[in-house]
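Report on one structure; see the data block that follows.
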Amino acid sequence: FGQKATDKIRLNQVGFYPSTEKVAIITDSTAKEFFVLDAKTKEKVFSGVLKPMGIWEYSEEFSNKADFTKFNKTGTYIVSVPGVGDSYPFQISNQVNLTVGKASLGFLYYQRASTALPAQYAGKWARPAGHPDDQVIVHASAATATRPEGTKINSSKGWYDAGDYNKYIVNSGISTYTLMALYEQYPKFFDTLKLNIPENTNNIPDLLDEIRWNLDWMVTMQDEDGGVYHKLTNTNFDGSVMPADATNGRYVIMKTTAASLDFAAVMAVAYRVYKKTDKAFSDKCLKASIAAYDWSKKNKSVIYNQGVMNQKYNPDINTGAYDDGNVTDEFQWAAIELFIATNQTKYAEDANIEFTLRTEFELPNWAKVNTLGLYSLIQNRDNLPEEFAPTLELVKTKVLDLASKLQKYQVNKSAFNVAMGLSNGNFNWGSNSTAANQGMLLMNAYKLSNEGSYLTAAISNLDYLLGRNGTGYCYVSGYGSKQVMNPHHRPSEADGIVEPVPGMLAGGPNPGQEDAGTCTGKYTTKVPAKSYIDEQCSYATNEVAINWNSPFTFLCLSIEATKGR
Ligand code: 9MR
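The opening position of the sequence shown corresponds to residue 170 in my numbering, with each subsequent residue numbered one higher.
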């Protein structure tokens, strides 16, 4: 032994718990057996026979499965396949996801607008403050009698959305929710989890402190009439400069129904999640939620269309649109969260859950949010009015149905033994967030049913993100052996430090290649699970974003909260 590390062995490069499933995929059809070796001494600790799984349709590679679940001793190991090579090293450990999970929350600290990041918390990625956002201009599209065009408002704090420096309410909605849901489902774990952030000496759980940075900003995005601005942005995307050097004027743009409803949902959740630690803030959130919801009922379909808006108003705005044309699911989500917050039947009636349950629920993304409401209903089932019980049964069935499709695909159909890939559409812009959101759905199903196969399927998607995938990359910056080095992330591009900011989940493979024009000649394949390039130009495969990182955090730390010892 002592062969070279090879890309032909795909496995989670962070590692496994002693008691959970351990799988590596060898993309070589001739190999027959495999060994697990101690990484240091090269001593053989386990041997097994490979199981041919056929071609994985998304990477067009042959899969030979090495299952070493039975080996359960903690340590650092490699998988070795005679004639093929050795894998990258991995751990078997009792807290295997703790460090990477905390790092993924650390990403949000690095995304903080309006504050300096001192070395004590940011390490070598320390940087001066950017975007005070205390003099934000009301854009013509957002003007009212009380806040005419050009009025300056204070809208500081918040997390930068992604590789760019703008702040978008729609995308903040699902991101912030996902993290509050994580707290709500695992309070014991997070009440003691320490993060390396400035607030970590107060007596509020650090996860809630980090989320608060974004909530404080979101609150400022509500106009006096209850409506919520769609985004806070420059007119155009910045170049590759540090936050402190990105000094172009900032605007709040147009109040929309989608933004107002996502805001209403998030604030209703914040009301219950912060009740214990900050009653005054919690009450303020509920008021804000109701006002945004009422505005939306009066303004049922104010849809964001940047092209149309630019024909009407100046200056032109050319940044991210988050332009969802269908707000039915946003209405439903907000109504559900307000129903949980207030127990008022008028919200349950608005949500009309039983009707929609027959058709419309699917995996969440920034434009499809009603399934988030189902998670909340299940989590808060003991606090709902009794007459809601039959509907609740339908909700549970729906979530388990969605999850069981993924679980069945993982076990019976996927040649890579992952839930990711249930449908062709999984490999789209931000595909890694699809894998993460599938994992989050599976963890919700596991929590609800206590059925171990859901946990196994959730972990398979974590394995996918950390290396058992079509490219062999560990997609979280700073972790694994085959690392993401050139994400589309302005601070990482401009800071002069070789390593990107750690804890960032890359967008992931996307055969759409919408950035092919700026990445001329860099793509080598359109095979779905391989259409990824570790290049800064690649905003369509290698950007990072708060709504992609958050479900990764959920997946990783909900598993840790469940399995970590
Ligand atoms: O995540 C968004 C993806 O679903 C869209 O297809 C894409 C194009 O509209 O935009 C993505 O969101 C980007 C946003 O507009 C601006 N900040 C960076 C986001 C991630 O690429």
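Each residue gets a CB set at the ideal place from its N, CA and C atoms; glycine is no exception.
Residue i in three-state terms, based on DSSP
| i | result |
| --- | --- |
| Thr-566 | helix |
| Trp-735 | As shown, the chain starts at 170 and ends at 734. That puts residue 735 outside it, with no answer to give. |
| Tyr-346 | helix |
| Phe-185 | strand |
| Trp-328 | strand |
| Met-609 | helix |
| Ile-509 | helix |
| Asp-414 | helix |
| Asn-534 | strand |
| Gly-254 | strand |
| Arg-179 | strand |
| Met-423 | strand |
| Gln-652 | strand |
| Gly-292 | helix |
| Glu-318 | coil |
| Ile-472 | coil |
| Tyr-352 | helix |
| Gly-542 | helix |
| Glu-712 | strand |
| Ala-311 | helix |
| Gln-391 | strand |
| Ala-174 | strand |
Opening and closing residue of the alpha helix (DSSP H) in which residue i lies
| i | result |
| --- | --- |
| Glu-523 | 522-526 |
| Pro-720 | 715-732 |
| Trp-225 | Trp-225 -> not in any alpha helix (DSSP H); beta strand (DSSP E) instead, spanning 220-225. |
| Ile-459 | 448-467 |
| Ala-208 | It is not in any alpha helix (DSSP H) - Ala-208 carries neither H nor E in the DSSP assignment. |
| Lys-481 | 475-481 |
| Val-269 | 267-279 |
| Tyr-642 | Careful: Tyr-642 lies outside any alpha helix (DSSP H) and carries neither H nor E. |
| Leu-631 | 621-634 |
Whole-Å CB distance - residue i paired with residue j, under 8 Å assumed
| i | j | result |
| --- | --- | --- |
| Thr-404 | Pro-484 | 5 Å |
| Leu-274 | Thr-722 | 6 Å |
| Ala-588 | Asn-630 | 5 Å |
| Glu-712 | Ala-331 | 6 Å |
| Gln-682 | Tyr-692 | 6 Å |
| Leu-591 | Val-564 | Actually they are not in contact, since the Cβ atoms of Leu-591 and Val-564 sit about 21 Å apart, beyond 8 Å. |
| His-300 | Arg-419 | 7 Å |
| Asp-375 | Asn-383 | Contact flag wrong, Cβ pair sits at about 14 Å. |
| Ser-344 | Ile-715 | 4 Å |
Start and end residues, beta strand (DSSP E) containing residue i
| i | result |
| --- | --- |
| Thr-426 | No beta strand (DSSP E) holds Thr-426; the alpha helix (DSSP H) holding it covers 426-442. |
| Gly-244 | 244-250 |
| Glu-230 | 230-236 |
| Gln-260 | 259-261 |
| Glu-668 | From DSSP, Glu-668 is part of no beta strand (DSSP E); its letter is neither H nor E. |
| Lys-400 | 398-402 |
| Ala-193 | 192-195 |
| Ile-306 | 305-307 |
Minimum C-alpha distance to residue i - residue among the options
| i | options | result |
| --- | --- | --- |
| Arg-281 | Ala-314, Ala-413, Glu-518, Cys-688 | Ala-413 |
| Arg-734 | Ser-256, Gln-264, Gln-182 | Gln-264 |
| Thr-625 | Tyr-355, Phe-585, Val-580 | Val-580 |
| Ala-584 | Lys-220, Phe-185, Met-390 | Lys-220 |
| Val-269 | Thr-640, Lys-453, Tyr-491, Gly-672 | Gly-672 |
| Val-144 | Asn-711, Gly-641, Tyr-692, Lys-691 | No answer is possible for residue 144: the residues shown for the chain start at 170 and end at 734. |
| Val-568 | Gly-594, Tyr-615, Leu-591 | Tyr-615 |
| Ala-434 | Leu-541, Ile-422, Glu-683, Met-411 | Leu-541 |
| Pro-258 | Lys-336, Tyr-246, Ala-460 | Tyr-246 |
| Asp-447 | Asn-371, Phe-406, Gly-395, Lys-469 | Asn-371 |
| Asp-493 | Tyr-701, His-399, Lys-321 | His-399 |
| Glu-518 | Asn-487, Glu-556, Trp-598, Lys-467 | Glu-556 |
| Gly-639 | Ala-311, Thr-189, Phe-231 | Phe-231 |
| Val-410 | Arg-296, His-308, Glu-318, Lys-321 | Arg-296 |
| Leu-726 | Thr-347, Pro-367, Glu-662 | Thr-347 |
| Val-442 | Ala-510, Asp-392, Lys-651 | Ala-510 |
| Asn-534 | Glu-562, Asn-479, Tyr-491, Tyr-420 | Tyr-491 |
| Thr-196 | Tyr-544, Leu-634, Gly-252, Gly-647 | Gly-252 |
| Gly-649 | Ser-661, Gly-636, His-657 | Gly-636 |
| Thr-710 | Pro-680, Asp-431, Leu-575, Ala-200 | Pro-680 |
| Asn-593 | Phe-215, Gly-292, Glu-226, Asp-207 | Glu-226 |
| Asn-512 | Leu-634, Gln-391, Thr-243, Ala-437 | Ala-437 |
(request) Run through the region 546-598 for me and flag every whole beta strand (DSSP E) of 3 or more residues, listed as ranges in chain order. (result) Annotation note: the region 546-598 contains no uninterrupted beta strand (DSSP E) run of length 3 or greater.
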